[in-house]
Amino acid sequence: MLRRRLSLLIATSIHNGSSIHAKPTSIPSRLLPSPPPPSHFLQSLNFTLHSHVGFLGHDLNLGLRAYSLLSLNDLRDNKGARKKKTRKGRGIGSGKGKTAGRGHKGQRARGTMKFGFEGGQTPMRRRMPKRGFKNPFSLTFQPVGLGKIAKLINAGKIDSSELITMKTLKDSGAIGKQIRDGVRLMGRGSEHIKWPIHLERTDSERLQVSRVTVRAKAAVEAAGGSVRRVYYNNLGFRALLKPEWFEKKGRLLPKAARPPPKQRDKVDSIGRLPAPTKPIPFTPEEIEAMSAAPVS
1 MLRRRLSLLI ATSIHNGSSI HAKPTSIPSR LLPSPPPPSH FLQSLNFTLH
51 SHVGFLGHDL NLGLRAYSLL SLNDLRDNKG ARKKKTRKGR GIGSGKGKTA
101 GRGHKGQRAR GTMKFGFEGG QTPMRRRMPK RGFKNPFSLT FQPVGLGKIA
151 KLINAGKIDS SELITMKTLK DSGAIGKQIR DGVRLMGRGS EHIKWPIHLE
201 RTDSERLQVS RVTVRAKAAV EAAGGSVRRV YYNNLGFRAL LKPEWFEKKG
251 RLLPKAARPP PKQRDKVDSI GRLPAPTKPI PFTPEEIEAM SAAPVS
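full-length UniProt numbering applies: residue 1 is where the sequence shown begins, and numbers increase by one.
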């Protein structure tokens, strides 16, 4: 818009230079001063600009000033956009020299204060009351859903005909490597369990976990399988998941620990070491069936 206006002004000035007595059509004659001498083109351009100032007012000056700042060597930030960095220790005349605003001696002059120190008064972390507590006896179980186990069985990573232990779940990738207190069997994806996890009816221990939800247990039993909750302590978990660690150290596997009194009603049996591949009978009927079977 500004360039178009300037081009019109230049064209008008050229026309005025060719005909001295011609008057601009866009400006009333009463606003025009006496015409300039026709000797030079710049005088004619100056006359035209001055004649338009009376008609356009202050906007033309602003537009011309803005148009003159559009060159690359005139680009600059707004005033106050950049603040100079205070250079400390560069002479007393700067106001931040010598001690650089830190004063004489002391911990604050030589270094920094400890995080949270408030000059001697009781810090915020001690003024605020404590909320809640951390139970040192809490147990953390790693969850695993039935849908994930079914997916791994279909992929061939888990053999459903063998005993599925927590080591089996770890080796197949169903759970992570860090098992703190055990594994909790969840009912997520229970609709994918459409076959019994164990194949023989005499086998009552085809899936071993630490805890199991009601929904997961009902889904496994509805499919013809069964779940048994077993107990391992920290050393037992290491022997179950990493038996090679004891072999490398030249040690024997530890004996299975009994559950503490508070957890006896939450488990069904004691874990076995090394990782079992076949279930152990616990009912009298299973014991009789095992004793009646011929020894191979």
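Ideal Cβ positions, reconstructed from N, Cα and C, are used throughout, including at glycine.
query                                                                                                                  : result
Distance CB(Gly271)-CB(Tyr232) smaller than 8 angstroms                                                                : yes
Euclidean distance between Cα positions of Arg238 and Val230                                                           : 15 angstroms
From Gln263, Leu273, Lys148 and Pro274, residue whose alpha carbon lies closest to that of Ser138                      : Gln263
Coarse secondary structure for Ser160, derived from DSSP in three states                                               : coil
Arg215, enclosing alpha helix (DSSP H) - first and last residue                                                        : Val214 to Ala222
Segment contact flag, the region 182 to 194 with the region 206 to 222, C-beta cutoff 8 angstroms, min 3 pairs         : yes
Option in Gly80, Gln208, Ala100 and Lys79 with minimal Cα separation from Asn89                                        : Reading off the sequence shown, one finds Gly at residue 89, where the question assumed Asn. The shortest Cα separation from Gly89 among Gly80, Gln208, Ala100 and Lys79 belongs to Ala100.
Backbone secondary structure at Pro259 - three-state DSSP                                                              : coil
Own chain, CB closer than 7 angstroms to Pro243, minus 5 neighbours either side, in chain order                        : Leu253 and Pro274
Under the three-state DSSP convention, the category Ile179 falls into                                                  : coil
Sequence-distant residues of the same chain with beta carbon closer than 6 angstroms to Asp268, five excluded per side : Arg228 and Arg229
Residue burial classification, Ile179 (beta-carbon count within 10 angstroms, cutoff 16)                               : buried
Residue(s) in a DSSP beta bridge with Gly101                                                                           : Bridge partners of Gly101: none, in fact.
Residues near Ala218 by beta carbon distance below 6 angstroms, same chain, minus five either side                     : none
Straight-line gap, Asp181 to Gly111 (C-alpha atoms, nearest Å)                                                         : 46 angstroms
Rounded separation between Lys170 and Lys249 - CA only                                                                 : 22 angstroms
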